[in-house]
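Chains as they are written, first to last, in the working numbering: chain G, 193 to 307; chain X, 111 to 223.
Note that CB positions come from ideal geometry on N, CA and C, so glycine has one too.
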Amino acid sequence: AQSVTQLGSHVSVSEGALVLLRCNYSSSVPPYLFWYVQYPNQGLQLLLKYTSAATLVKGINGFEAEFKKSETSFHLTKPSAHMSDAAEYFCAVSDRKSGTYKYIFGTGTRLKVLA
Amino acid sequence: EAGVTQFPSHSVIEKGQTVTLRCDPISGHDNLYWYRRVMGKEIKFLLHFVKESKQDESGMPNNRFLAERTGGTYSTLKVQPAELEDSGVYFCASSQGLADTQYFGPGTRLTVL
């Protein structure tokens with residue numbers, strides 16, 4: 193069965209510091225992987241996705257993620273945190289094996305940016 | 111182009127009452143998904159429509175939940191009768207093709223007292 197693990201339900205970084213949010217996945221087929229962000233009182237917004245092309249994926253707002261098959265990881269990074277990055281971040285894998293392509297999400301990581 | 115919309119944004123009901131949530135997908139998107147996040151837990155899949163047909167309802171918690179997608183356009187999710195454990199945020203998502211990116215609505219926050 194496919195699964196996603198996000199290490200750290202809460203992460204705090206200083207403004208201007210590196211943001212690193214961890215995601216590990218389990219999948220019996222080549223995965224499609226996603227990062228979504230939820231800002232306060234808003235819905236889920238797609239940050240970036242990996243669908244078997246380039247392993248380094250660039251997304252919106254300066255975020256990027258690297259697919260590492262050997263480590264079954266898809267960690268999200270941003271070189272310099274802004275106050276506006278404070279939000280909850282979700283990693284997800286698409287269940288391609290079942291044929292529905294439904295998403296399986298991690299438990300989310302709430303990012304706090306300190307001034 | 112309008113995104114996925116959901117109504118209502120919030121709903122507070124008493125245990126035993128009925129609530130109907132609505133989702134309007136992006137125009138032209140055949141695939142419609144419902145997900146739910148119970149407080150503190152992960153977002154979990156409920157069911158998947160392709161046009162008006164249910165493709166996968168393996169995530170529906172029990173028979174108190176009924177989803178429909180009339181004419182392959184908007185979808186409703188009815189909870190009858192509601193229980194305390196049904197509280198959470200219900201998300202709807204749509205995609206054009208099966209393997210395409212899903213676009214999410216803002217969610218409906220359901221509170222059952």
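- Would you please verify whether the beta carbon of Leu184/X is less than 8 Å from any beta carbon of chain G? According to the sequence as given, residue 184/X is Tyr; it is not Leu. So, not an interface residue.
- Quick one: Cα of Thr299/G to Cα of His202/G, how far? Each residue's Cα considered, the two are about 11 Å apart.
- Query: Taking a cut of 7 Å between CB atoms, which residues from the region 197-227 of chain G lie near chain X?
  - Reply: When CB distances to chain X are screened at a threshold of 7 Å, not a single residue of the region 197-227 of chain G falls below it.
- Return the CA-CA distance between Leu176/X and Leu187/X, expressed in angstroms with no decimal places. If you take the alpha carbons of Leu176/X and Leu187/X, they lie about 6 Å apart.
- Query: What separation, rounded to the nearest whole angstrom, lies between the Cα atoms of Ser244/G and Ser262/G?
  - Reply: Looking at the two C-alpha atoms, the distance is approximately 14 Å.
- Whose C-beta lies closer than 6 Å to the C-beta of Glu167/X among residues of the same chain, with five residues either side of it excluded? Once the five neighbours on either side are set aside, the close Cβ partners of Glu167/X are Leu157.
- Message: From the DSSP secondary-structure annotation, give me the bridge partner or partners of Lys154/X.
- Response: Residue pairing by DSSP puts Lys154/X in a beta bridge opposite Arg146/X.
- Query: Are the CB atoms of Val205/G and Phe297/G nearer to each other than 8 Å?
  - Reply: Not a contact, by the Cβ cut-off of 8 Å.
- Query: Excluding five sequence neighbours on each side, which residues of the same chain lie with their C-beta closer than 7 Å to the C-beta of Leu194/X?
  - Reply: Shown here for Leu194/X: same chain residues with a beta carbon closer than 7 Å to its own, the five before and five after excluded, namely Lys125, Val222 in chain order.
- Query: Going along chain G, which residues have a C-beta under 9 Å from Ala177/X?
  - Reply: Near Ala177/X there are no residues of chain G at all, since even the closest Cβ is about 14 Å away, more than 9 Å.
- Item | Residues within the region 282-306 of chain G neighbouring chain X, beta-carbon criterion of under 9 Å | The region 282-306 of chain G vs chain X, Cβ under 9 Å: Phe282, Ala284, Ser286, Asp287, Arg288, Ser290, Gly291, Thr292, Tyr293, Lys294, Tyr295, Ile296, Phe297, Gly298, Thr299, Gly300.
- Roughly how many angstroms separate the alpha carbons of Gly254/G and Pro232/G, rounded to a whole number? Spanning the two alpha carbons is a distance of roughly 19 Å.
- Query: Can you tell me the Cα-Cα spacing of Gln230/G and Leu239/G, whole angstroms?
  - Reply: Roughly 10 Å separates the two Cα atoms.
- Which residues in the same chain have their Cβ closer than 8 Å to the Cβ of Val249/G, if we skip the five residues on either side of it in sequence? Leu240, Lys241, Tyr242, Glu256, Ala257, Glu258, Phe259.
- Item | For Thr292/G and Phe135/X, the rounded distance between their alpha carbons | The displayed chain sequence assigns Pro, not Phe, to residue 135/X. So the alpha carbons of these two residues sit roughly 17 Å apart.
- Message: Checking 8 Å against the spacing of the C-beta atoms, do Phe117/X and Ile153/X come in under that value?
- Response: Contact flag unset, no.
- Message: DSSP three-state label for Leu187/X, please.
- Response: It is a strand residue.
- Can you name, in chain order, every residue of its own chain whose Cβ lies under 7 Å from the Cβ of Val160/X, other than the five neighbours on each side? Within the same chain, Asp140, Asn141 come within 7 Å of Val160/X by CB-CB distance, once the 5 residues on both sides are set aside.
- Message: Between Gly198/X and chain G, is any beta-carbon pair separated by less than 8 Å?
- Response: No, because no Cβ of chain G sits closer than 8 Å to the Cβ of Gly198/X.
- Task: Taking His274/G and Leu212/G to be in contact with their CB atoms under 8 Å, please state how far apart those CB atoms are, rounded to whole angstroms.
- Result: That belief does not hold up - the Cβ atoms of His274/G and Leu212/G are roughly 15 Å apart, past 8 Å.
- Listed by chain order, chain G residues near Pro118/X by CB distance under 8 Å: The contacting residues do not exist; Pro118/X stays about 14 Å from chain G at best.
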